[in-house]
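All remarks here apply to the structure that follows.
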Amino acid sequence: MKSLGFALLGLLCCSVLGWADETTDGTTPPSSTTEEGTSDDENSFNYFNYKDTTYALSLDKRNWFDAQCYCASHGYTLANIPTPKIQMSIMKFIYSIDFSDLISLVLAPIWTSGTNRAAIKQYTWHSSGARVGYSNFRRNPQGEEYDCIAINGITGYWSNVNCTDSRYFLCEVKCPKVEA
Numbered sequence: 001m002k003s004l005g006f007a008l009l010g011l012l013c014c015s016v017l018g019w020a021d022e023t024t025d026g027t028t029p030p031s032s033t034t035e036e037g038t039s040d041d042e043n044s045f046n047y048f049n050y051k052d053t054t055y056a057l058s059l060d061k062r063n064w065f066d067a068q069c070y071c072a073s074h075g076y077t078l079a080n081i082p083t084p085k086i087q088m089s090i091m092k093f094i095y096s097i098d099f100s101d102l103i104s105l106v107l108a109p110i111w112t113s114g115t116n117r118a119a120i121k122q123y124t125w126h127s128s129g130a131r132v133g134y135s136n137f138r139r140n141p142q143g144e145e146y147d148c149i150a151i152n153g154i155t156g157y158w159s160n161v162n163c164t165d166s167r168y169f170l171c172e173v174k175c176p177k178v179e180a
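Heads up, the sequence shown is in full-length UniProt numbering, so the first residue is 1 and it goes up one at a time.
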């Protein structure tokens, strides 16, 4: 019975999770509409999967705090980038996005969950609480006044920027492993 519960949870997480229905081509799944005919999903997203994680890249801008809340309200968190392999998979996905959307991503780096708001001299991934070990900052961010990490959609370099700026954001959700 326990295995059946985990299997159902895995199916929910990876294939029918609200606004992040799994797609194979990275396109935005259709959003549902209300009785008035308006979309109940204010955001546009592109999706991709890497190993046991589904990512949703917003094509709408929010500040870091609102992005955290928006991701959380849909069962996601802002994305962590703990390894070079994950960074490469994110960049590969971004490069595959439609050119008109890609132009927008060049002009405004994308929010991650990285921040040093809890400890000025130490960046952590807010979503997991883990310290940032792997990093891809273009220059050393220590001593700069901004607290939140954003990733450049073209170069992949990270920067620490003002958390109240409106930017695109990347959400993630880990799908539990299903045991037979």
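Quick reminder that beta carbons are idealized off the backbone N, C-alpha and C, glycines included. Treat the numbers as computed from the prediction; the structure is a model and nothing was measured.
(message) In the DSSP output, what is S159 paired with across the bridge?
(response) Looking at the DSSP output, S159 bridges to A150.
(message) Are the CB atoms of A56 and C171 within a distance shorter than 8 Å?
(response) yes
(request) Would you mind stating whether N80 and C163 have Cβ atoms separated by less than 8 Å? (result) no
(message) Taking its Cβ as the centre, do 16 or more other Cβ atoms sit within 10 Å of T54, making it buried, or is it exposed?
(response) Buried, since its Cβ has 16 or more Cβ neighbours within 10 Å.
(request) Look at the alpha carbon of Y157 and the alpha carbon of C148, and state the distance between them as a whole number of angstroms. (result) Between Y157 and C148, the C-alpha separation is close to 14 Å.
(message) Quick check on DSSP: helix, strand or coil for A67?
(response) helix
(message) My assumption, with CB atoms under 8 Å, is that L78 sits in contact with S113. Please give the rounded CB distance.
(response) About 4 Å separates the two Cβ atoms, so the contact holds.
(request) Run the CB neighbour count on F169, radius 10 Å, all protein chains shown included, and call it buried at 16 or more, exposed below. (result) buried
(request) Apply the 10 Å Cβ neighbour rule to N140 and answer buried if 16 or more other Cβ atoms are within range, or exposed otherwise. (result) exposed
(request) Specify the secondary structure class of S89 as computed by DSSP and reduced to three states. (result) Secondary structure of S89 (DSSP, three-state): helix.
(message) On the DSSP letters alone, give me the boundaries of the beta strand (DSSP E) that F169 sits inside.
(response) Segment: none, F169 is in no beta strand (DSSP E) and carries neither H nor E.
(request) For V161, count neighbouring Cβ atoms within 10 angstroms of its own Cβ and tell me buried if that reaches 16, exposed if not. (result) V161 is buried by the Cβ-count criterion.
(request) Using 10 angstroms around the beta-carbon of G153, count the other beta-carbons present and answer buried if the total reaches 16, otherwise exposed. (result) buried
(request) Report the rounded CA-to-CA distance for Q68 versus G129, giving the unit in angstroms. (result) 14 Å
(request) Can you give me the start and stop residues for the beta strand (DSSP E) that F48 sits inside? (result) Where F48 is concerned, the enclosing beta strand (DSSP E) stretches over 45 to 50.
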